[in-house]
Each structure stands twice: as C-alpha cells, then as structure tokens.
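Q: Top to bottom, those sequences are chains A and B. Counting from 1, one number per residue, gives the positions in the first sequence under this note's numbering. Counting from 114, one number per residue, gives the positions in the second sequence under this note's numbering. Yeah, the Cβ is synthetic: ideal placement off N, Cα and C, and Gly gets one too. Sharing a structure here in structure tokens format.
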Amino acid sequence: GDSVTQMEGPVTLSEEAFLTINCTYTATGYPSLFWYVQYPGEGLQLLLKATKADDKGSNKGFEATYRKETTSFHLEKGSVQVSDSAVYFCALSSKGTGNQFYFGTGTSLTVIP
Amino acid sequence: SQTIHQWPATLVQPVGSPLSLECTVEGTSNPNLYWYRQAAGRGLQLLFYSVGIGQISSEVPQNLSASRPQDRQFILSSKKLLLSDSGFYLCAWSVPGVSNQPQHFGDGTRLSIL
Chain A
1 GDSVTQMEGP
11 VTLSEEAFLT
21 INCTYTATGY
31 PSLFWYVQYP
41 GEGLQLLLKA
51 TKADDKGSNK
61 GFEATYRKET
71 TSFHLEKGSV
81 QVSDSAVYFC
91 ALSSKGTGNQ
101 FYFGTGTSLT
111 VIP
Chain B
114 SQTIHQWPAT
124 LVQPVGSPLS
134 LECTVEGTSN
144 PNLYWYRQAA
154 GRGLQLLFYS
164 VGIGQISSEV
174 PQNLSASRPQ
184 DRQFILSSKK
194 LLLSDSGFYL
204 CAWSVPGVSN
214 QPQHFGDGTR
224 LSIL
C-alpha cells in the first residue's frame with residue numbers, strides 16, 4: 001500500500017544553518033505530495049505541496065521538489081530561523097474512497113540562536 | 114473562505130467517563146472529514162473518516178466512535194474512556210474527489226485522562 005518514510009528526528013540546528021529533511025514515498029499511480037508544519041500545541045498547517053513529477057513547492061523560504069525517479073520529496077531551507085522550530089510532516093494523497101492521506105511520523109526541528 | 118472549528122481545546126476526564134468532541138467546517142459543502150489522534154511526541158493515527166452524512170469508516174478498532182449528523186459536523190465519542198485514550202485529537206477536512214488538494218486541520222483538542 002501507499003506509505004511515506006520520513007527521516008527520524010530530532011534535528012537541532014544553529015540559526016542560519018541549511019536544513020534538509022528527507023522524505024521518500026511508496027505509491028501506486030501518481031500521488032500528490034505535501035509538507036505540513038506543526039507548532040507546539042497547534043494543529044497541522046500546510047507548508048507546501050506538489051502535485052506532479054518535477055513540480056517544486058515553495059513557501060516561507062522552504063522548498064521541496066517532487067522526484068518521481070527517486071520517489072522523494074525532501075524539504076529544504078537555506079537559512080533556518082528560531083521561529084522555524086516545529087515538527088514537520090511529509091504526506092501523500094492518492095485517489096480513492098475518502099481521499100486517503102498517508103503521513104510520515106514527523107521530524108522535530110529545534111533551531112538554536 | 115473555509116474554516117474548521119474544534120472544541121473544546123483542552124479536556125480533562127476521569128477514566129470511565131463519556132466523551133464528545135465536536136468539529137464543524139464552514140464555507141464548503143460535502144467535505145471529506147477525518148479524525149486523527151496524536152500521542153505525545155508521535156505521528157498521526159487516522160481514527161475515522163467520512164465522505165458524507167452518516168457514512169463513517171473506521172481505521173482502528175477501539176472504544177471510540179464517530180458520527181456525522183450534518184454535512185459539516187463531525188463528532189468523536191466514547192461511552193467509557195480508557196487511560197490509553199489520552200492524546201491530541203485533530204479534525205481535518207478535504208475537498209472530495211480530488212487527490213491534489215490538501216487536508217486542512219483544526220487546532221486540536223488536548224485530552225487528558227486521569
């Protein structure tokens with residue numbers, strides 16, 4: 001079945017460091033891919049998405065490219081800030097009853113000044 | 114624009130007591146609706162989803178149940194809470210029939226069982 005594998009955390013970076021959070025997926029057909037961010041005590045917020053191969057999603061300095069050949073959707077940011085400290089979830093959506101979403105286990109990021 | 118509301122934000126309940134969490138969506142019709150649970154420091158566990166009024170699919174057998182009495186209302190219930198029901202409960206909605214649209218989440222309910 002469809003699934004998402006996300007790099008284990010926690011990740012701790014200094015401010016202005018480069019961020020990569022790895023995400024790979026398994027899916028039949030052509031899923032859409034998403035990154036969500038969850039700040040402490042809050043729900044998940046959509047960060048970015050890509051709906052077909054080679055699409056690049058971007059938002060707030062974060063980017064991720066839908067790579068069909070490597071079945072990956074890695075999240076990157078060139079210079080992280082303390083305010084980026086949160087848990088990040090990779091997810092995919094495939095067609096079918098109920099538009100099932102499959103989430104990774106989440107990666108906790110802490111950025112220190 | 115569409116909005117999703119969940120309440121209460123926090124809840125402390127004794128073991129064996131009943132539960133009712135409510136979620137409503139505004140600004141859209143016939144959404145797909147979802148209930149998730151998130152244990153502390155863990156990922157998301159899909160509990161129930163619904164594609165229409167009265168249509169509920171359960172992903173995990175347990176002492177929880179869900180109902181959808183109205184198009185944009187989704188309720189999570191239990192007759193007798195267990196300690197293991199503690200967690201962060203999230204409601205979400207999505208546009209039906211299309212896979213390239215995201216799920217949109219409420220702010221969650223923090224449930225503590227004593």
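For E42 of chain A and chain B, any beta-carbon pair shorter than 8 Å?
A: Walking along the first sequence from the start, residue 42 of chain A turns up at place 42. Yes - at least one Cβ of chain B is within 8 Å of the one on E42 of chain A.
Q: Going by DSSP, name the residue or residues bridged to A179 of chain B.
A: Looking up residue 179 of chain B in the second sequence gives position 66. Answer by DSSP bridge pairing, in chain order: B:L189.
Q: With 16 other CB atoms within 10 Å as the buried threshold, where does F34 of chain A fall?
A: The residue you call residue 34 of chain A lines up with position 34 of the first sequence. Answer is buried; the Cβ neighbour count reaches 16.
Q: Which residues, taken in chain order from the segment 211-224 of chain B, show a beta carbon closer than 9 Å to some beta carbon of chain A?
A: Result list: V211, S212, N213, Q214, P215, Q216, H217, F218, G219, D220, G221, R223.
Q: Output the distance between the C-alpha atoms of S14 of chain A and G156 of chain B, rounded to the nearest integer angstrom.
A: Stepping through the first sequence from its first residue, residue 14 of chain A is reached at position 14. Stepping through the second sequence from its first residue, residue 156 of chain B is reached at position 43. About 25 Å.
Q: Out of curiosity, what's the CA-to-CA distance linking G43 of chain A and E69 of chain A?
A: Working through the first sequence from its first residue, we reach residue 43 of chain A at position 43. Working through the first sequence from its first residue, we reach residue 69 of chain A at position 69. Cα to Cα, G43 of chain A sits roughly 32 Å from E69 of chain A.
Q: Can you find a C-beta in chain B that's less than 8 Å from the C-beta of F103 of chain A?
A: If you number the first sequence from 1, residue 103 of chain A lands on position 103. So yes, F103 of chain A belongs to the interface.
Q: Answer with buried or exposed for I112 of chain A, where buried requires no fewer than 16 other C-beta atoms within 10 angstroms of its C-beta.
A: Stepping through the first sequence from its first residue, residue 112 of chain A is reached at position 112. That one is exposed.
Q: How would you list, in chain order, the residues of chain B whose beta-carbon sits under 9 Å from the beta-carbon of L46 of chain A?
A: Position 46 of the first sequence, counting from 1, holds the residue named residue 46 of chain A. In chain order: P215, Q216, H217, F218.
Q: Tell me the DSSP bridge mates of I21 of chain A?
A: If you number the first sequence from 1, residue 21 of chain A lands on position 21. Answer is A:L75.
Q: For a cutoff of 8 Å on Cβ pairs, would you count K95 of chain A as touching chain B?
A: The residue you call residue 95 of chain A lines up with position 95 of the first sequence. It does; some Cβ of chain B falls within 8 Å.
Q: Please classify N145 of chain B as buried or exposed, where buried requires at least 16 other C-beta atoms within 10 Å of its C-beta.
A: Residue numbering aside, residue 145 of chain B sits at position 32 when the second sequence is read from its first letter. Under this definition N145 of chain B is a buried residue.
Q: Check for me: the beta strand (DSSP E) holding A64 of chain A runs from which residue to which?
A: Taking the first sequence and counting its residues from 1, the one referred to as residue 64 of chain A is at position 64. Where A64 of chain A is concerned, the enclosing beta strand (DSSP E) stretches over 62-65.
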